Every structure is written in structure tokens, then in C-alpha cells.
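Residues are numbered in this note's numbering as their position in the sequence shown, beginning at 1, plus a constant of 431. We treat Cβ as the ideally placed atom computed from N, Cα and C, and that holds for glycine. Owing to the predicted nature of the structure, the values given are computational and were not obtained by experimental measurement. A short write-up of the structure that comes next.
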Amino acid sequence: MAARMRSPTFFRLFIGLTLVVLLSDLAFLATNYVAGRDALARAMQQEGEKLRSGFAVAMTMTYANMLQLARFVSTDPRVQRTFHEGKRAVEAEGGGPGGEGAAVARQALLELVRERWEQMQAEFGVRQLHFHLAPGSLSFLRVHAAGKFGDRMDDVRHIIVDTNNDGKARTGLETGRIYTGLRGVVPVVALPEDGGGHFGAVEVGSSFQPIVSALDRQLGAGIAVLLRHEHVDSNMWQEYVDKYFPGEPGACDCFVEATSRDDIYAILRDPVFGSIRGKAATDAVSLGERVYAVTRFPLFDYTAEAHPGTPPVGSVVLWTDDTEAVNAFRRSQWVNLGLGVFGFLLVELLLWGGMRLVARRMASELAIRTAELEEQTARLEKSNGELDRFASVISHDLQAPNRAVVSYLGLLEEKLAGTLDDEGKEFLGFAVEGGRRMAAMIRDLLAYSRVGRDPAPPEPVALDDVLASVRLDLALAIEEAGATLEVGPMPTVMGRAGDLTRVFDNLIANAVKYRSPERAPLVRVWAERDGERWCIAVEDNGIGVPMEYRARIFDFFQRAGQKPGIDGTGIGLAVVKKVVEMHGGSIWMDTAPSGAGSVFRFTLPAADRSASP
432 MAARMRSPTF
442 FRLFIGLTLV
452 VLLSDLAFLA
462 TNYVAGRDAL
472 ARAMQQEGEK
482 LRSGFAVAMT
492 MTYANMLQLA
502 RFVSTDPRVQ
512 RTFHEGKRAV
522 EAEGGGPGGE
532 GAAVARQALL
542 ELVRERWEQM
552 QAEFGVRQLH
562 FHLAPGSLSF
572 LRVHAAGKFG
582 DRMDDVRHII
592 VDTNNDGKAR
602 TGLETGRIYT
612 GLRGVVPVVA
622 LPEDGGGHFG
632 AVEVGSSFQP
642 IVSALDRQLG
652 AGIAVLLRHE
662 HVDSNMWQEY
672 VDKYFPGEPG
682 ACDCFVEATS
692 RDDIYAILRD
702 PVFGSIRGKA
712 ATDAVSLGER
722 VYAVTRFPLF
732 DYTAEAHPGT
742 PPVGSVVLWT
752 DDTEAVNAFR
762 RSQWVNLGLG
772 VFGFLLVELL
782 LWGGMRLVAR
792 RMASELAIRT
802 AELEEQTARL
812 EKSNGELDRF
822 ASVISHDLQA
832 PNRAVVSYLG
842 LLEEKLAGTL
852 DDEGKEFLGF
862 AVEGGRRMAA
872 MIRDLLAYSR
882 VGRDPAPPEP
892 VALDDVLASV
902 RLDLALAIEE
912 AGATLEVGPM
922 PTVMGRAGDL
932 TRVFDNLIAN
942 AVKYRSPERA
952 PLVRVWAERD
962 GERWCIAVED
972 NGIGVPMEYR
982 ARIFDFFQRA
992 GQKPGIDGTG
1002 IGLAVVKKVV
1012 EMHGGSIWMD
1022 TAPSGAGSVF
1032 RFTLPAADRS
1042 ASP
């Protein structure tokens, strides 16, 4: 027996089996490591997406508040009359800052708005109230810096120039001579007894600091807003650059406009932030013994949003302390490594004693590893559930300021009911309606964040049944529009019925909503086989989408058409794209073959490779 164990054949077999066991153990450890690493990266990415959605909601609410506060000031008849007197004085006294008459009107206007300016600062975090004269942007009164006036800013304050050109209210991010801020700008018209007509604009602005501070408290995440050095220097007066941004810009060649935590200065020293011009990304950054999940995405101002392709003015950075999750991952890998070494030695002993015991041991080890992976998966699912609950909480918290503004507007409407003209009442109505639209936008953003959260696996879905349900849901809208919905033979695909219903509901509802007044609405739906996939088409004969909007039609807050008077948040097509991509498909838009309207095409996996509709 001893001689047999010392034979070359025995040792070759033993060494061969040992190599197989060793390679298997190493492969398992590598697979476990990659799976754990990828799961951790996905968790960080999902957390970053939630934080970015929360920031977007906060920005939307802030813009709405600024616009409503600007209307609150601009619709006061006393403000209208005093501001108009200032305009006439400036014109009579040679333009620019004007003379004595302009100074008297400017001081009267300052005294008139001083109390509500202090109220807006205290209750809404407003840091800028600015009166501009048309045309262009001639500063008449900076309530926040009363000693600075008479300068023309046509090449800097584009949002003011555009509002004074067409008389339309606007919101956006812009860097002025003194601040970078979130602006709400509304036109100001003279009272009928003063001749009427648009003659200037009122601007209300807020900084990023209240937003990042509030979101830090709500999200438990650090938030910072960075501005490119070049952008700041080319727009702000140097005295205010020195005041608000002391010292040299960091290695990122940027200034910190606002931050909720000082950690940002250490984070910016990480090589990943060599430039803030990069695309959106989530990275792990180590600061001493702590590890942070850092999400960053470009920040675009009013001009960049109006002209796609313009470089961003800065970047938004959000970070959370993921040290515990990273340490848990590292501990699990050390445990796995220790178990792997122990298992290898034990298997070697079992191989020496008998193959049956070896097989039994390997099965036991596999069960242990599987349990560990299931535990990690359960923790990730719990974390995702907490993020969903967080989205609901932030929706509630961010709507509170909006409700407060609408309430104040209601009180103002009651107080000034006898003094407001029809136009003033109309402006107040616009402000209240804007608050309601903000609430709808928050609901749509939450719906977007929940797409794909259904844990159920994909299953065969008959699109005929889905479209029958959509037809029933949209029956009233189709009937009121006098539309016709034609559906060809539809296939069975792999997916989730609820998500696919949302896709068709959005596309068909848009087709009916953006109809042309020149012809009866017609919506056609059909399917074509494309290898192992189905290509689904939804065609309409509506107003279509201009070429300049097509590149962004599936982005947040982009409308499928620019027809006035049509409700919508610009989120529906973003939801459609997300659902299609989570089903492994793609979506695109073309002009309808007839030349009138649009056709949306998207692909879905076939339930049966040999099936036909």
C-alpha cells in the first residue's frame, strides 16, 4: 500500500487533482471578489443617482420660489409706479445712473421694498433683489448692494436681456457682477394710468448655500457647488471675487461657491478631480481612514442650457461616508481568503483520504459562499428600500416652502383684491399655477426614480393586452381630442407589464396631447421583427419635434413639443427611455414618413425567438 502511494502515477494524480482544486479555489475567490466589488460599485452608483435626483428637485423648487417672489414684488402697484418714475428720470437725465431725479426715485423704491426684502431674506434665503431697466440690462437698483447702480450688463446677464426683449418670465443660474445665483426674473409693466407697457424687470436670486445646507440635513450627504476659475473671473467684479473667493483656486482650477461640509477641500485634492469638466461619475475617494462615495456632474448656467454644446460653468459634488460598507467588503474578502486557504488544506487532506469526502467538503464550502452572497444581496435590497423611502420624505419636505409661497400669494390676492388690475390678478394666478406644476414635477421625478424597482423577474407579456389597457385608460382623452388609435398585430415580449404599460401610456398620451390643429389626430402602433427582438413603432400626425430639440427629447424637463397651453413636466419621455433600456432595448425618434408628426421606435426582447405577431 505504501509503495502504491509512492508510485509516480499516484503522485501525478494527486498533483493534478491538487492543481484542479487550487485553480478552482482561486477562480471562486476571484469571482467572489469581482461580484462583491461590482455590487458595492452599483450600490454607490444608485446612491449617487438618488442624491442627484434630490438635488434636481431642490433646484426646481428654488427656481419656482424665486419666480413667485419676483412676481410678488413686481405686481405691487406702488412698486410699478415708483420704478417707472425712476425710468423716466434716467431717460431725462442722460441714461446710466441718471441724476438727482433718478436718485430720489431709487431711494423711494428702496424704502418701499426694504421690509419685504428683509422678510424674503429671513424666510426664503434670498440674497439678491435687483431692478433692471429695458432694453438690455441697465441696473437701476440693487437692493442687496444699494451703492452699486447705473452699470450696463448686457454681455453678462443674458437672462435679464432676454426677459426685457420679449417680456417673458424666466429662471436660471447666472453669474453676475456680485454673486452667482439661482434667478427668477419677471417683466415689470407700467400701470395703465402711466401709459402701460413693459419697461423693465425684477430679479430675485438665491445662493446655493441654503440648498446644500438643507439637503445635507435631509440626505445625510455632503454637497458642494464648484465654479470654474475662468467663468468667475470673466463675470464678477474683482473686488467681489476677492471677497467671496479668498486665496488661489485649487488644483481643479475652480472655486467653491457653496458647501455643506469642509471635507470638499480634501476631496478636491484627489487626482480624480484634476478637472471639473468631466462627465457625471461616481468614484470612491479615500481621506485618511475614511472612504467616501463621491458623485459629481456638470453644472450648466442659463446660457449653456439655452445653447447645447456650451461648456459647463462648474460642477456639483455630492458625497457620503461609505467607510462601513467598504470595510465590510474588505472583511468579507479576508474571510473568503481565509476560508479559501483553509478549504484548500482540508480538501488536500480529504483527497489523501478519499474523493467522496472531498466532494462533500466542496459542496459545504459552496453553500457557505452562497449564503454570504445572499446576505450581501439582502443588505443591498434593504439599502435600496431605504433610498426609496428617503425619496418620499424629501418630496414632502421640499413641497413645504412651495406651499408657503402659494399661501402668501393667496393672502396677497385677498389684501390687494381691490387695487390689482386684471393683469396683476393674472400674474398672481400664474404664480399659484406654477406652485401646482412644481408639485406635479416632484411626483413625476419620484415615479422616474422607482422605475425598475419591481423585484419580479421579466416574463412573457402580450402587448395586445397592454395596449387594450392603455386604450381604456386614455379613452376620455382620445375621445375629447377626436383622435383615432390604430393598433396592428402585436407580439409577446419579455418584460414587466406595469413598466411597458407606462411606456405606451406616455407615448400615446403625448401623441394625442401634441396634436396639430390642422388635422384630426391619428396614432398608429405596429411591430416589426428584428432578429431576436421586436421593433415597436408609435407614429402620430401631430406638430412634431423641431430638430434642435431632438438630441435632448429624452432628457429631464424636455417637452415633446413647444405648443403653449399644454400641461406637462418634461419627464414622461425620460421615464420611457429608462424603462426601455432596463428591458435591454433602445429608443429613438424620427419624423413620420408622411412628413407630418413623429414616430417613436424602440426595441424589446422577443419572448419566443421563432414567434411572429
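Pairwise C-alpha distance: residue j and residue i
i, j, result
"Q1055", "T493", "This structure leaves residue 1055 out entirely; the chain is present only between 432 and 1044."
"E634", "S570", "11 Å"
"F686", "V744", "11 Å"
"V725", "D714", "5 Å"
"V521", "G973", "49 Å"
"G612", "S1025", "46 Å"
"P922", "W1019", "20 Å"
"G849", "R547", "21 Å"
"N767", "L460", "7 Å"
"M551", "E516", "25 Å"
"G784", "V452", "15 Å"
"A1027", "A942", "12 Å"
"L1004", "W668", "42 Å"
"N545", "A632", "The sequence given here has Arg at residue 545, not Asn. Cα to Cα, R545 sits roughly 18 Å from A632."
"E661", "M978", "32 Å"
Assigned secondary structure, residue i (DSSP; H/G/I helix, E/B strand, else coil)
i, result
"I609", "coil"
"P889", "coil"
"I1018", "strand"
"S1025", "coil"
"P439", "helix"
"A790", "Low per-residue confidence applies at A790: pLDDT is 45, beneath 50, and the placement is therefore not dependable enough to give any value."
"R473", "helix"
"P623", "helix"
"V976", "coil"
"M925", "strand"
"G636", "strand"
"R761", "helix"
"R588", "coil"
"L894", "helix"
"R983", "coil"
"A1037", "strand"
"L730", "strand"
"S568", "coil"
"F1031", "strand"
"A600", "coil"
"V722", "strand"
"H738", "coil"
"T850", "coil"
"L777", "helix"
Supposed contact pair residue j and residue i - C-beta distance, whole angstroms, cut 8 Å
i, j, result
"V954", "I939", "6 Å"
"V656", "E688", "4 Å"
"D456", "G929", "In fact, because the Cβ distance is near 43 Å, the residues do not count as touching under 8 Å."
"T391", "C966", "Because residue 391 is not part of the residues shown, which for the chain are 432 to 1044, the question remains open."
"L622", "P508", "6 Å"
"N463", "R762", "That belief does not hold up - the Cβ atoms of N463 and R762 are roughly 13 Å apart, past 8 Å."
"H575", "N595", "Rounded, the Cβ-Cβ distance is 20 Å, inconsistent with contact."
"L540", "F514", "6 Å"
"R573", "G636", "Their Cβ separation, rounded to whole angstroms, is 11 Å, which puts R573 and G636 out of contact at 8 Å."
"G603", "Y733", "3 Å"
Close Cβ partners of residue i (< 6 Å) along its chain, the five nearest in sequence each way excluded
i, result
"D1021", "V1030"
"S568", "M584, D585, R588, I591 and V592"
"G1016", "F1033, T1034 and L1035"
"A790", "Since pLDDT at A790 reaches only 45, below the 50 mark, its modelled position is unreliable, and no value is offered."
"A652", "L482, L749 and T751"
"R692", "G653"
"G598", "P618 and H629"
Spatial neighbours of residue i in its chain, beta-carbon cut-off 7 Å, leaving aside the 5 residues before and after
i, result
"R950", "N972"
"A536", "T513, E516, G517 and A520"
Neighbour flag for residue i against chain D, beta carbons, 9 Å
i, result
"E917", "Within the model displayed, chain D is absent; a lone protein chain is all it includes."
Neighbourhood of residue i by C-beta, 8 Å cutoff - its chain only, sequence neighbours within 5 removed
i, result
"Q511", "S505, V619, V620, A621, L622 and D625"
"V772", "none"
Task: beta strand (DSSP E) segments (min. 3 residues) lying fully within the segment 644 to 714 - done: 653 to 659 and 685 to 690
- [ ] Identify every run of the beta strand (DSSP E) within the segment 932 to 974, keeping only runs that are complete inside it and at least 3 residues long; order them along the chain.
- [x] Fully enclosed beta strand (DSSP E) runs of 3 or longer: 953 to 961 and 964 to 971.
- [ ] Scan the segment 494 to 534 and note each continuous alpha helix (DSSP H) run of 4 residues or more that stays entirely inside, going in chain order.
- [x] 508 to 523
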